[in-house]
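Enquirer:
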Amino acid sequence: MSRSAHPAGPRHADVLPEGHYSAPPADLNTLDPKVWAQTVTRDEDGVLTVGGITATQLAEQHGTPAYVVDEADFRARARAWRSAFGTDADVFYAGKAFLSRAVVRWLHEEGLNLDVCSGGELATALSAGMPADRIAFHGNNKSTEEITRAIESGVGRIVLDSFQEIVRVAHIAQSLGKRQRVQIRITVGVEAHTHEFIATAHEDQKFGIPLAGGQAAEAVRRALKLDGIELIGIHSHIGSQIFDMSGFEVAAHRVVGLLKDVRDEHGVELPEIDLGGGLGIAYTSDDDPREPHEIAKALTEIVTRECEAAKLRTPRISVEPGRAIVGPTAFTLYEVGTIKPLDGLRTYVSVDGGMSDNIRTALYDAEYTVALVSRTSDAAPMLARVVGKHCESGDIVVKDAFLPADLAPGDLIAVPATGAYCRSMASNYNHVLRPPVVAVHDGESRVIVRRETEEDLLRLDVG
Ligand code: LLP
Numbered sequence: 001m002s003r004s005a006h007p008a009g010p011r012h013a014d015v016l017p018e019g020h021y022s023a024p025p026a027d028l029n030t031l032d033p034k035v036w037a038q039t040v041t042r043d044e045d046g047v048l049t050v051g052g053i054t055a056t057q058l059a060e061q062h063g064t065p066a067y068v069v070d071e072a073d074f075r076a077r078a079r080a081w082r083s084a085f086g087t088d089a090d091v092f093y094a095g096k097a098f099l100s101r102a103v104v105r106w107l108h109e110e111g112l113n114l115d116v117c118s119g120g121e122l123a124t125a126l127s128a129g130m131p132a133d134r135i136a137f138h139g140n141n142k143s144t145e146e147i148t149r150a151i152e153s154g155v156g157r158i159v160l161d162s163f164q165e166i167v168r169v170a171h172i173a174q175s176l177g178k179r180q181r182v183q184i185r186i187t188v189g190v191e192a193h194t195h196e197f198i199a200t201a202h203e204d205q206k207f208g209i210p211l212a213g214g215q216a217a218e219a220v221r222r223a224l225k226l227d228g229i230e231l232i233g234i235h236s237h238i239g240s241q242i243f244d245m246s247g248f249e250v251a252a253h254r255v256v257g258l259l260k261d262v263r264d265e266h267g268v269e270l271p272e273i274d275l276g277g278g279l280g281i282a283y284t285s286d287d288d289p290r291e292p293h294e295i296a297k298a299l300t301e302i303v304t305r306e307c308e309a310a311k312l313r314t315p316r317i318s319v320e321p322g323r324a325i326v327g328p329t330a331f332t333l334y335e336v337g338t339i340k341p342l343d344g345l346r347t348y349v350s351v352d353g354g355m356s357d358n359i360r361t362a363l364y365d366a367e368y369t370v371a372l373v374s375r376t377s378d379a380a381p382m383l384a385r386v387v388g389k390h391c392e393s394g395d396i397v398v399k400d401a402f403l404p405a406d407l408a409p410g411d412l413i414a415v416p417a418t419g420a421y422c423r424s425m426a427s428n429y430n431h432v433l434r435p436p437v438v439a440v441h442d443g444e445s446r447v448i449v450r451r452e453t454e455e456d457l458l459r460l461d462v463g
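Here is the structure:
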């Protein structure tokens, strides 16, 4: 479609409406490696390729919308975390970011452990062959069935989140004739600089046992008395999408402080600490995430220094990155359906998915970028809002981004950095079918989670 058929609306910085964007990029065809998966590039025809396959081939073979994950990139990031922490520390991938059996196998092969937080995630991990002793089981309200299954299958650790759970897990383990290794999750009272819904170390929220008022010390006291559990350490997760390391420093300082108090009171040196996940990734070119080796160095140094000062043996450290491993490795491929230029505002570009495959924009005001991927274009930039097909005006995938003004129905566009918390938080709102996850590697694509079908929907509807 010609540009004149789609007037692009305002284009110059001085007349742009308010929004979350900087000036249009110099070249809309450039795919910034900061936000795109490692093997993404454009071929000689200007079509995006990933893992050696073009976006058009992927759309033909698998349809749209589809999440496309770069397996080599996933493995490389997993390995980078693993080697950054070395053999004296453990990396637990947080399965909530995205979990499937293929992902479990990749993690297993790359030497990572796995953090699960529900019976469903545990079942997925076990069914794909993750050794149970490399699994940590989380959650603030685990059911009796979940706890029983976790203990019976032999998970390496259960992270206890409340006073009730300390007793509950101890009783269940004892009744099964087992002694379960556990950590206690504490809240250290840090305000992480992130969205309120994903900050988890300040006291006024549902996770963990507060350090304040001696509650965490009391939890340790009780746990040490129970035969069914073996307390191996303290856990702290301060939140998500964090760039500033100072929150982790304060958390490490306070966790080590508790270890010292435990040693002084009980004569016991707990051998492990877990500092959780939460490291931020680049969703747009404005974000500057830390590399795993920098994070490993910073965390290890803080813990070692604090332990030396407290005359404690340095405990074994573990971390639980989710987003930082899977987030950048995938993008969501959409087909453009309709284009509505609104004079003096912006152009609404409707795609064949929406808030059902990416709720993060609506939920956290998350920022994403977008690119035309089935061709390049020399047209002027137009300020676009990428929206979905749901019956809701908040159904926004990318709030404000620039796309070429000659964008037309049938074009393929892609939103990068959707590997974490997109498929895992996808819904069936409006009975829209959840997209597949397609893994690409060395010129081949393979569905690892298939597209939902109307039969899948109707199978649950038994009324
Ligand atoms: N460990 C624990 C105990 C957690 O609760 C989480 C995330 C992680 C590790 C992994 O955090 P990550 O490295 O992926 O940031 N749905 C939100 C994020 C919620 C995170 C919940 N817990 C989002 O889309 O931003």
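According to full-length UniProt numbering, the sequence shown is numbered sequentially starting from 1.
The C-beta atom is built at its ideal place from N, Cα and C for all residues, glycine as well.
These numbers were taken from a predicted model, which means no experiment stands behind them.
1. Starting from P65, trace the beta strand (DSSP E) in both directions and tell me its first and last residue.
2. If you reduce the DSSP assignment to three classes, tell me which class L224 lands in.
3. Does the beta-carbon distance from L31 to T41 come in below 9 Å?
4. Alpha carbon to alpha carbon, how far is V91 from E320?
5. Helix, strand or coil for V303, going by three-state DSSP, please let me know.
6. Have a look at A403 and V47 and give me their C-alpha separation to the nearest angstrom.
7. Take the Cβ of S427 as the centre, count every other Cβ of all protein chains shown within 10 Å, and call the residue buried at 16 or more, exposed below.
8. Whose CA, out of I135, N140, K142, lies closest to the CA of R181?
9. Quick check: G95 and L126, are their CB atoms within less than 9 Å of each other?
10. Here's a check: name, in chain order, each residue in its chain whose Cβ is nearer than 6 Å to the Cβ of V103, leaving out the five neighbours to either side.
11. Sorted by chain position, which residues of the same chain lie with C-beta nearer than 7 Å to T418's C-beta, five sequence neighbours on each side aside?
12. Determine the direct distance from the alpha carbon of A405 to that of R157, and round the result to whole angstroms.
13. Give me whichever residues DSSP pairs with P416 in a beta bridge.
14. Tell me which residue opens and which closes the alpha helix (DSSP H) that D456 is part of.
15. Suppose the cutoff is 6 Å on Cβ atoms and the five residues either side in sequence are ignored; what does the same chain contact list for V438 look like?
16. Under 8 Å by Cβ, that's how I've got A78 and G51 pegged, so tell me the actual separation to the nearest angstrom.
17. Mapping the DSSP letters down to three states, classify Q180 as helix, strand or coil.
18. So what's T369 in DSSP terms, helix, strand or just coil?
19. Could you name each continuous beta strand (DSSP E) segment of 3 residues or more that falls completely within the region 206-268, going from the start of the chain to the end?
20. Just the Cα atoms here: how many angstroms apart are P10 and Y334?
Expert: On the basis of the coordinates in this document:
1. No beta strand (DSSP E) holds P65; DSSP gives it neither H nor E.
2. helix
3. yes
4. 6 Å
5. helix
6. A small fix is needed here, since residue 403 is Leu in this sequence, not Ala. For L403 and V47, the distance between alpha carbons rounds to 15 Å.
7. exposed
8. I135
9. no
10. none
11. Y67, A330, F331, T332, N358
12. 54 Å
13. F331
14. 454-460
15. H62, A66, V68, S445, V447
16. Not really, about 16 Å apart at Cβ, beyond 8 Å.
17. strand
18. coil
19. 229-235
20. Per-residue confidence for P10 stands at a pLDDT of 40, beneath the threshold of 50, marking its modelled position as unreliable; the derived number appears in the next sentence. Cα to Cα, P10 sits roughly 25 Å from Y334.
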